[in-house]
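Residue numbers (numbering that gives the first Met the number 0), protein chains in the order written: chain A, 0 to 403; chain B, 0 to 403.
Even for Gly, the Cβ is constructed at its ideal location relative to N, Cα and C.
Remember, predicted model here, so these are calculated numbers, not experimental data.
2 protein chains.
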Amino acid sequence: MARIVMKFGGTSVKDIGRIKNVALRVKAERDRGNEVAVVVSAMAGATNQLVAWCNEISPLHDPGEYDTVVATGEQVTIGLLAMALQEIGVPARSWCGWQIPVVTDGTHSKARIKTIDTPEMVERMEAGEVAVVAGFQGIGPGNRITTLGRGGSDTSAVAAALKADRCDIYTDVDGVYTTDPRIVPKAKKLDKITYEEMLELASVGAKVLQIRSVEMAMKHRVRVQVLSSLEDKPGTLVCDEDEIVEKELVSGIAYSRDEAKITLVRVPDRPGIAAAIFGPLAEAAINVDMIVQNVSDDGKSTDLTFTVGTADLARARKVVEDAKAVLGYEDLRADSDVVKVSVIGVGMRSHPGIAQKMFHTLASEGINILVISTSEIKISVLIEEKYTELALRALHTAYGLDAA
Amino acid sequence: MARIVMKFGGTSVKDIGRIKNVALRVKAERDRGNEVAVVVSAMAGATNQLVAWCNEISPLHDPGEYDTVVATGEQVTIGLLAMALQEIGVPARSWCGWQIPVVTDGTHSKARIKTIDTPEMVERMEAGEVAVVAGFQGIGPGNRITTLGRGGSDTSAVAAALKADRCDIYTDVDGVYTTDPRIVPKAKKLDKITYEEMLELASVGAKVLQIRSVEMAMKHRVRVQVLSSLEDKPGTLVCDEDEIVEKELVSGIAYSRDEAKITLVRVPDRPGIAAAIFGPLAEAAINVDMIVQNVSDDGKSTDLTFTVGTADLARARKVVEDAKAVLGYEDLRADSDVVKVSVIGVGMRSHPGIAQKMFHTLASEGINILVISTSEIKISVLIEEKYTELALRALHTAYGLDAA
């Protein structure tokens with residue numbers, strides 16, 4: 000007997016018919032003699048509606064109240080799925096984040112899980128009851144509801160799977176591809192991918208798994224399978240590098256449109272200026288991704304460019320504008336019509352020339368690179384958003400990833 | 000400085016614009032120097048959608064899961080209202096039932112409040128923060144979410160007002176009327192009404208206040224005002240009999256379409272038969288209202304008629320049918336096309352002839368009475384639903400309640 004965590008996203012539970020289908024898949028897993036916990040998202044569209052209401056009330060709303068509102072989406076799904084399971088004879092009960100409890104820090108709207116305490120839940124699972132767990136949510140300091148950020152249900156699933164034998168993430172795609180198949184029809188499905196590569200893919204917007212869920216899976220060596228909620232066939236296994244025999248030089252090409260660029264023109268070039276800019280942003284819990292600093296002509300001031308998530312642009316702008324007197328920059332330019340394109344592969348550690356091929360390919364298509372950043376297994380560039388499709392297709396071909 | 004509880008129902012918070020209006024009314028009350036707690040329902044329509052999903056999944060769904068699902072409606076509203084208050088400069092935070100906590104028994108979907116423990120909430124109110132409280136919900140045994148039944152937000156408001164100076168219930172009507180003005184245009188608004196009369200009005204479906212809220216207000220002598228959320232004028236005060244100088248013989252005429260009649264034909268007439276029938280119904284938490292038993296011709300069996308809420312009819316029928324072998328009745332007849340009409344007034348204690356006038360008035364309109372029940376200050380009859388309007392208008396005139 001194995002303990003399995005199954006996770007279904009919003010499109011898999013988007014209406015009552017789909018919820019009943021999920022109940023059948025859970026029953027099948029339980030009928031194989033397994034202990035099952037099932038983690039679910041909100042019904043597709045529900046969270047968007049809730050977020051829209053929050054924004055309509057107040058663009059700079061209290062993230063604690065935001066969490067109280069949006070956490071209801073998952074609460075609805077767990078109740079309905081528990082009923083659907085009971086209806087087909089499977090003992091089940093729902094668990095909100097605060098009931099388990101999933102204890103998080105207090106960073107509302109993007110909280111991090113600190114501990115998961117599940118003695119009662121595990122006891123009931125061992126007695127044959129399916130645990131239906133609300134993804135995306137937890138409980139923070141002061142007994143307040145927290146949420147883990149978009150896609151947080153994946154993290155909930157991996158967290159629930161720390162002592163499980165497998166964590167199956169059911170999605171509307173049938174696995175992880177070399178790039179987005181909607182843009183590049185020749186994209187190929189990968190059978191296996193390393194945690195490290197998946198981490199880069201997730202962080203640059205492949206949208207299959209949330210980045211924190213992969214970090215957590217890597218740290219605790221949880222075997223995660225990404226598979227289709229509609230078809231019954233194997234997906235992509237996210238696992239240790241050792242498990243993958245044939246390694247490709249480049250595994251995939253990812254992109255993220257959820258990027259916005261802020262340039263501070265003529266910032267005084269003095270020690271501590273970077274800390275003065277990025278400290279307040281960090282305090283406001285705004286993630287800064289790429290950072291580039293250029294020395295300007297006079298040697299006394301510098302232009303500084305950084306990127307944040309599109310959703311954080313208004314807040315980031317306000318934080319930096321509020322500090323204008325202290326920072327002393329001349330002008331602020333913001334641009335959200337940009338996209339980050341990344342080439343990823345554990346193979347590039349030992350092979351030079353990967354970056355050169357990327358720059359050459361983009362240049363030959365006439366695409367200007369705005370910002371570059373690199374890591375051990377990734378090269379990312381920021382380009383104008385209108386070039387997204389062209390860049391992806393050209394790079395996919397250049398790295399030999401096109402399906403036969 | 001007074002402590003005021005304000006309660007707004009679903010239509011008062013049905014969209015973002017209305018929620019912003021509620022925030023302005025709350026701000027006005029706070030600007031008068033008062034400590035304010037505001038209790039809100041789900042946005043109009045939200046609860047119906049949630050209930051519809053539960054019924055679609057499973058007609059005989061687990062009431063514990065039902066509560067988990069429907070309690071989300073109020074949770075959305077409190078988060079949004081807290082944001083709206085903050086947006087206009089009023090410190091506020093939301094409170095779910097389990098956060099306060101509002102401790103209830105375990106009768107899911109119609110739980111009763113046992114205790115309300117609010118030290119932290121009161122402390123924050125005293126520091127100037129508006130408490131935005133989710134109506135309708137609490138926390139029961141095993142850390143499960145409970146709900147108080149339809150209209151339960153009124154009870155939440157009164158419970159929150161036990162130590163408050165006033166409990167203002169804002170509704171889509173401007174007070175309590177002698178009867179439903181939509182049916183009887185000559186209905187009059189009452190300035191004051193006793194707890195006892197309001198209790199009877201509520202219990203027979205005047206729909207202005209939930210019955211338990213009135214019971215609780217009466218027990219703890221909470222002064223409750225029913226007033227319009229749209230207009231700024233006094234409503235109806237529900238208070239002690241002593242406070243009302245001029246008492247009417249009959250204060251109002253109420254009706255309830257939410258009635259269903261079950262008749263058991265030829266039940267053996269033996270001791271304990273009533274307990275055998277109503278015991279299982281009570282165990283299933285089904286409220287039985289009127290009960291009438293007739294001796295039949297042979298003296299060995301009897302016909303027994305009782306009424307339950309329309310929503311409970313299917314479950315009540317199943318409970319009684321499951322016990323058919325034990326009960327030994329011949330036939331079961333169910334009918335939900337009935338209405339209960341009630342004449343209410345504390346004055347009738349000392350005045351005979353009130354009932355006689357009711358029977359006479361209905362007879363002269365050709366309306367047949369199916370079941371009769373009476374209390375000290377109320378006479379109720381069950382009649383065919385099609386006669387509702389005719390009966391109400393005739394009785395309103397007969398008791399001299401028509402507006403000039």
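Are the CB atoms of A/Val25 and A/Val37 nearer to each other than 8 Å? Residue mapping note: residue 25 of chain A aligns to position 26 of the first sequence, counting from 1. Residue mapping note: residue 37 of chain A aligns to position 38 of the first sequence, counting from 1. Between A/Val25 and A/Val37, the C-beta spacing is below 8 Å.
Give me, in chain order, the residues of the same chain whose beta-carbon lies closer than 7 Å to that of B/Pro279; leave out the 5 immediate sequence neighbours on both sides. Here residue 279 of chain B refers to the residue found at position 280 of the second sequence. Only Val318, Ala322 meet the Cβ criterion.
Reference B/Thr76, options A/Leu84, A/Asp66, A/Thr76, closest by Cα: For the purposes of this step, residue 76 of chain B is identified with residue 77 of the second sequence, where counting begins at 1. Minimum Cα distance to B/Thr76 is reached at A/Asp66.
Would you say B/Leu23 lies against chain A (beta-carbon separation less than 8 Å)? Residue 23 of chain B sits at position 24 when you count from the first residue of the second sequence. No, no contact with chain A.
Could you tell me which residues DSSP pairs with A/Val340 in its beta bridges? The residue labelled residue 340 of chain A in the question sits at position 341 within the first sequence. DSSP lists A/Tyr254, A/Val380 as partners of A/Val340.
Using DSSP with H/G/I as helix, E/B as strand and the rest coil, what is A/Pro100? Looking up residue 100 of chain A in the first sequence gives position 101. Looking at A/Pro100 - three-state DSSP - the assignment turns out to be coil, as it is neither helix nor strand.
Assuming A/Thr406 contacts A/Leu400 under a Cβ cut-off of 8 Å, what Cβ separation, rounded to an integer in Å, is found between them? Past the edges of chain A, shown from 0 to 403, lies residue 406 of chain A, and the structure says nothing about it.
May I ask you to list, following chain order, the residues of the region 89 to 101 of chain B that have a beta carbon less than 8 Å from some beta carbon of chain A? Listed in sequence order: Arg92, Ser93, Cys95, Trp97, Gln98.
Hey, is B/Leu74's beta-carbon within less than 8 Å of any beta-carbon in chain A? Position 75 of the second sequence holds residue 74 of chain B. Sequence check: residue 74 of chain B is Gln here, not Leu. Judged by the 8 Å Cβ criterion, B/Gln74 is in contact with chain A.
With distances taken between CB atoms, is the gap from B/Asp330 to B/Ala259 smaller than 8 Å? Along the second sequence, one-based indexing puts residue 330 of chain B at 331. Along the second sequence, one-based indexing puts residue 259 of chain B at 260. Not closer than 8 Å, so no.
Coarse secondary structure for B/Tyr398, derived from DSSP in three states: The residue you call residue 398 of chain B lines up with position 399 of the second sequence. In this structure, B/Tyr398 counts as coil in the three-state DSSP scheme.
Under DSSP, the beta strand (DSSP E) around A/Met5 begins and ends at which residues? Here residue 5 of chain A corresponds to residue number 6 of the first sequence, with the count starting at 1. Element bounds for A/Met5: 2 to 7.
Would you say B/Ser57 lies against chain A (beta-carbon separation less than 8 Å)? As a working mapping, residue 57 of chain B is identified with position 58 in the second sequence. So yes, B/Ser57 belongs to the interface.
Residues near B/Ile138 by beta carbon distance below 8 Å, same chain, minus five either side: Start at 1 with the first residue of the second sequence, and residue 138 of chain B comes out as number 139. Cβ contact annotation for B/Ile138 (same chain, cutoff 8 Å, sequence separation greater than five): Gly96, Trp97, Pro100, Val101, Val102, Thr103, Ile144, Thr145, in chain order.
To the nearest angstrom, report how far apart A/Asp173 and A/Arg256 are at their CA atoms. Numbered from 1 along the first sequence, position 174 holds the residue referred to as residue 173 of chain A. Numbered from 1 along the first sequence, position 257 holds the residue referred to as residue 256 of chain A. A/Asp173 and A/Arg256: Cα-Cα distance of roughly 22 Å.
So is B/Ala43 in contact with chain A if we call contact Cβ pairs under 8 Å? The residue you call residue 43 of chain B lines up with position 44 of the second sequence. So no, B/Ala43 is outside the interface.
Alpha carbon of A/Glu119 to alpha carbon of A/Ile56, nearest angstrom: As a working note, residue 119 of chain A is residue 120 in the first sequence. As a working note, residue 56 of chain A is residue 57 in the first sequence. Spanning the two alpha carbons is a distance of roughly 39 Å.
What are the boundary residues of the alpha helix (DSSP H) that includes A/Glu424? Lying before the first or after the last residue shown, residue 424 of chain A is absent from chain A, which here runs from 0 to 403.
Which one or two residues does DSSP pair with B/Lys188 in a beta bridge? On the second sequence, position 189 is the one that residue 188 of chain B refers to. Looking at the DSSP assignment, B/Lys188 forms a beta bridge with B/Tyr176.
Between A/Ile210 and A/Ser202, is the Cβ-Cβ spacing less than 8 Å? Against the first sequence, residue 210 of chain A aligns to sequence position 211. Against the first sequence, residue 202 of chain A aligns to sequence position 203. Yes, the Cβ-Cβ distance between A/Ile210 and A/Ser202 is below 8 Å.
From which residue to which residue does the beta strand (DSSP E) around A/Ser374 run? On the first sequence, residue 374 of chain A is found 375 positions in, with the first residue counted as 1. For A/Ser374, the uninterrupted beta strand (DSSP E) run begins and ends at 370 to 374, by DSSP.
Starting from A/Ile138, trace the alpha helix (DSSP H) in both directions and tell me its first and last residue. Position 139 of the first sequence holds residue 138 of chain A. Counted as a single uninterrupted DSSP element, the stretch harbouring A/Ile138 is not any alpha helix (DSSP H) but the beta strand (DSSP E) occupying residues 136 to 138.
Under 8 Å between C-beta atoms, does B/His60 make it to chain A? Working through the second sequence from its first residue, we reach residue 60 of chain B at position 61. Under the Cβ criterion of 8 Å, B/His60 is counted among the residues facing chain A.
Is it the case that the Cβ atoms of B/Met347 and B/Ile376 are separated by a distance below 8 Å? The residue given as residue 347 of chain B occupies position 348 in the second sequence. The residue given as residue 376 of chain B occupies position 377 in the second sequence. A distance below 8 Å separates the beta carbons of B/Met347 and B/Ile376.
Quick one: is B/Val325 buried, meaning 16 or more other Cβ sit within 10 Å of its Cβ, or exposed? Residue mapping note: residue 325 of chain B aligns to position 326 of the second sequence, counting from 1. By the neighbour-count rule (16 or more Cβ atoms within 10 Å), B/Val325 is not buried but exposed.
Chain-ordered chain A contacts of B/Ile15 [CB-CB under 8 Å]: Position 16 of the second sequence, counting from 1, holds the residue named residue 15 of chain B. Ordered by position in chain A, the residues that pass the 8 Å Cβ test against B/Ile15 are Trp52, Glu55, Ile56.
Starting from the beta carbon of B/Val325, find every residue of chain A whose beta carbon is closer than 9 Å, and list them in chain order. In the second sequence, counting from the first residue as 1, residue 325 of chain B sits at position 326. Ordered by position in chain A, no residue passes the 9 Å Cβ test against B/Val325, which lies about 26 Å from the chain.
How would you list, in chain order, the residues of chain B whose beta-carbon sits under 7 Å from the beta-carbon of A/Glu64? Translated into positions along the first sequence, residue 64 of chain A becomes position 65. By Cβ distance, chain B contributes Gly78, Ala81, Met82, Ser93.
Does the Cβ-Cβ distance between A/Val129 and A/Val35 come in under 8 Å? Within the first sequence, residue 129 of chain A is the residue found at index 130, counting from 1. Within the first sequence, residue 35 of chain A is the residue found at index 36, counting from 1. Yes, they are a contact pair.
Are the beta-carbon atoms belonging to A/Phe305 and A/Ile261 less than 8 Å from one another? Counting from one through the first sequence, the residue named residue 305 of chain A turns up at place 306. Counting from one through the first sequence, the residue named residue 261 of chain A turns up at place 262. Yes, they are a contact pair.
Just the Cα atoms here: how many angstroms apart are B/Leu369 and B/Asp297? Along the second sequence, one-based indexing puts residue 369 of chain B at 370. Along the second sequence, one-based indexing puts residue 297 of chain B at 298. If you draw a straight line from the Cα of B/Leu369 to the Cα of B/Asp297, it is about 22 Å long.
Within 7 Å of chain B by C-beta, residues of the region 120 to 151 of chain A in sequence order: Asn142
First through last residue of the beta strand (DSSP E) which encompasses A/Cys238: Start at 1 with the first residue of the first sequence, and residue 238 of chain A comes out as number 239. Its beta strand (DSSP E) spans residues 235 to 238.
Does any residue of chain B bring its CB to less than 8 Å from the CB of A/Thr103? Indexing the first sequence from 1 puts residue 103 of chain A at position 104. No, no contact with chain B.
At a CB-CB cut-off below 8 Å, which residues of chain A make contact with B/Leu49? Against the second sequence, residue 49 of chain B aligns to sequence position 50. In chain order: Val75.
Three-state secondary structure (DSSP) of A/Asn293: The sequence position of residue 293 of chain A within the first sequence is 294, counting from 1. Of the three classes helix, strand and coil, the one that applies to A/Asn293 here is strand, per DSSP.
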